Structure formats: structure tokens, C-alpha cells
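Residue numbers (the numbering used here): 753 to 1092.
Notes follow the structure.
So, in C-alpha cells, the structure goes:
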């Protein structure tokens, strides 16, 4: 009886963790798109800066005040030598995501973001000369094919938004690869990661946002019909962005790696469907089919990664089998890609 209750509680906790993760993720995406499209607040640098400020405050409260998670101590030298470069790429990643949301629909942006596994593998292969099992390369075929089909058939295609989303994938991949080397030795969870990186990202982005978008923001305040309520929505998106980070911390500790991967891809489908119901952006049948192929490819890629990572060390090698487990799987941590 006790085992049954424990199993039921574990399942319930996993479902709840996934649901609240989906909710916060979709809420951030929809609120950002609403800010750019409905509020006509076309300042992605400012929106990103607000997110970083809210996340910095939220992480401080969670760690220092509420003590939800113990603070991981980092040497002052490592903060500049290791965390600052990560924060810079982290900042670029978030800004490019918000820029893409300004110009292209949520469905298209989310589909392109699913290209991240492919860009990570390709970067590691080209720059770091890392070897990958043939099954990893095979799993990328439906991802690349789905992205191409979605891009060709996208009815609201915008070159600038497409490039921003694509370079955002590259920034995400670079961030993930750098994390493996720069943060080696520090077992950061999502909250501690935000605690250290968000203040640096705020510092990096504040001046460009002020210089490039400051005059436009002042003009918008003077012409907007109800700027106060709009600012509440903008800062609300920042608070929700931090809640997303906390939800990632919770879902990682409540689900398995396979469940997380499958739930992550279903989350994309959920975000696409929900955004379409709100913004009514036109989607052709071939476009939806391309998106579905991409998500299936991402699920297959996650399955292959999991299978290779758990392959027994004594498994007989063929001439094409890599020399070590580190060479067998890409350095991709899908559990930290949704931060801020």
C-alpha cells in the first residue's frame, strides 16, 4: 500500500512539474509576443533587460532570503574568467530570441529553435573536431528536413526574424558548449546559474538598451494610450521569466531525462497551438507538417542521446564506434536551454 501511494505521488509530482513548466514557458512566449505585437512596444533589448533585472532580484530572494537552494560559492576570479563569458553569450541568446519574436510568429520561432541540437553537433564537429556516432547524425536528418520544409512554406516569413532565430540557435549551442568547459567543477542548478549570470547580463545589456532604444521608449511612453498598464505587463513578463527558471529547477528534480526530453518537445507543440489560437497567424498544412517532422526528429535525437549515454562501457566496439563515452554523445544539456 505504501509503495502504491509513493508511486502515485511520484507520478502526480512529475505531471504537476511538467504542467507548471509548460505554463510558465508558454506564458513568457505569449507575453513577449503580446508586448511586441499588441502593445506595439518594439524594443527587444529593453524587454530582455527587464527580464534580467527581474531574474536577478528573484534569484537573490530565493537563495539569500528564502534559502530555497544553497548558494554555490564561486571564486571572484572565476566570476570574471568563467561566468562573465557565459553571461555574454547568455545575453545574446535571450536578445536574439526576443528579436525574432518581434518579426516572426511564435510557431515559426519555436520550430527554428528546435534546430539547436543540430547546430550544437555541427559546431562541436567543425570547431572542436568531436566525433559522433552515426545514429546521432541520422537523428538530425528529420530535424533539418522539418526546418527546411517549415521555412519554405512559412506564410509570415521574415528574413530578419528568421536570421535572429537561427543565430539564436547558434548562441544557445555556444552557451551549452562553453558551459561544459568554463563551468567545469561547478555543479550549478538553474537558480544558481541565474543568480550569477543575470546580473552580468544586465550590466552588459543596460548601456546598449539605453543608447539604442532609450529615445524610442520615451516616445512610446508619451504616445501610448495606457503606458502604466503596459509596463505592468512588461514587468509581469520579467517575473514570469524568472518563474520559468524556478520551474525548470523543479521539473529536473521530478522527472527522468527521457520524460524531460519528450515533455520538452510536446511543450513546443503546446506553445505553437496556443499561440495560434491567440494571434491567429496563418499556418499552411505543409508548414504544420514540417513542424511535426522537426519535433519527431528532436524526440528521436533525445532517445539516441539517452541510449548512447547509457551504453555499457564493456560493449564491443566496431571500427566506427568512438573510443570513449565522452566522444559518443554531444555536449548538450537540454535542461538549461529555457532559462530567462
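Cβ coordinates follow ideal geometry from the N, Cα and C atoms, glycine included.
Note that this is a predicted model, so its numbers are computed, not measured.
Check                                                                                                           : Outcome
Unbroken alpha helix (DSSP H) run spanning residue 899, endpoints                                               : 886–905
Rounded straight-line distance, which links the Cα of residue 768 to that of residue 761                        : 10 Å
Collapsed DSSP secondary structure at residue 978 in the structure displayed                                    : coil
Exposed unless 16 or more other CB atoms sit within 10 angstroms - verdict on residue 937                       : exposed
Nearest-angstrom Cα separation, counted from residue 770 out to residue 1015                                    : 7 Å
Candidates 1054, 969, 929 and 906, of which the one nearest residue 1040 by Cα                                  : 906
Cβ contact check for the stretch 923–935 and the stretch 858–875: 3 or more pairs under 8 Å                     : yes
Residue span of the alpha helix (DSSP H) that contains residue 876, given as start and end                      : 868–878
DSSP state of residue 846 mapped onto helix, strand, coil                                                       : helix
Residue 997 and residue 824 closer than 7 Å at C-beta                                                           : no
7 Å Cβ cutoff met for residue 779 and residue 992                                                               : yes
Through-space distance from residue 776 to residue 912, alpha-carbon basis                                      : 27 Å
Residue 785 vs residue 853 beta-carbon contact at 7 Å                                                           : yes
Neighbourhood of residue 1053 by C-beta, 6 Å cutoff - its chain only, sequence neighbours within 5 removed      : 869 and 891
Classification of residue 1019 by the beta-carbon crowding that lies within 10 angstroms, buried from 16 upward : buried
From 958, 948 and 902, residue whose alpha carbon lies closest to that of residue 838                           : 948
Candidates 843, 774, 820 and 965, of which the one nearest residue 952 by Cα                                    : 843
Proximity winner among 881, 817 and 806, relative to residue 994 (alpha-carbon distances)                       : 806
Residue 775 (DSSP reduced to helix, strand or coil)                                                             : helix
Segment limits, alpha helix (DSSP H) that includes residue 862                                                  : 858–865
Exposed unless 16 or more other CB atoms sit within 10 angstroms - verdict on residue 802                       : buried
Buried versus exposed, by CB contacts within 10 Å (16 or more), residue 967                                     : exposed
Local conformation of residue 994 per DSSP, three classes                                                       : helix
Beta-carbon proximity list for residue 857, same chain, < 6 Å, skipping 5 on both sides                         : 908 and 1033
Three-state class that DSSP yields for residue 1005 in the structure shown                                      : coil
Residue 936, DSSP secondary structure in three states                                                           : coil
Among 782, 986, 846 and 863, nearest to residue 897 - alpha-carbon criterion                                    : 863
Classification of residue 981 by the beta-carbon crowding that lies within 10 angstroms, buried from 16 upward  : exposed
Closest residue to residue 942 among 1005, 988, 965 and 961 (Cα-Cα distance)                                    : 1005
Beta-carbon proximity list for residue 787, same chain, < 7 Å, skipping 5 on both sides                         : 793, 799, 985, 986 and 989
Residue 895 versus residue 1055 - alpha carbon distance                                                         : 14 Å
Cα-Cα separation, residue 879 to residue 866                                                                    : 21 Å
Distance, residue 1007 Cα to residue 766 Cα                                                                     : 6 Å
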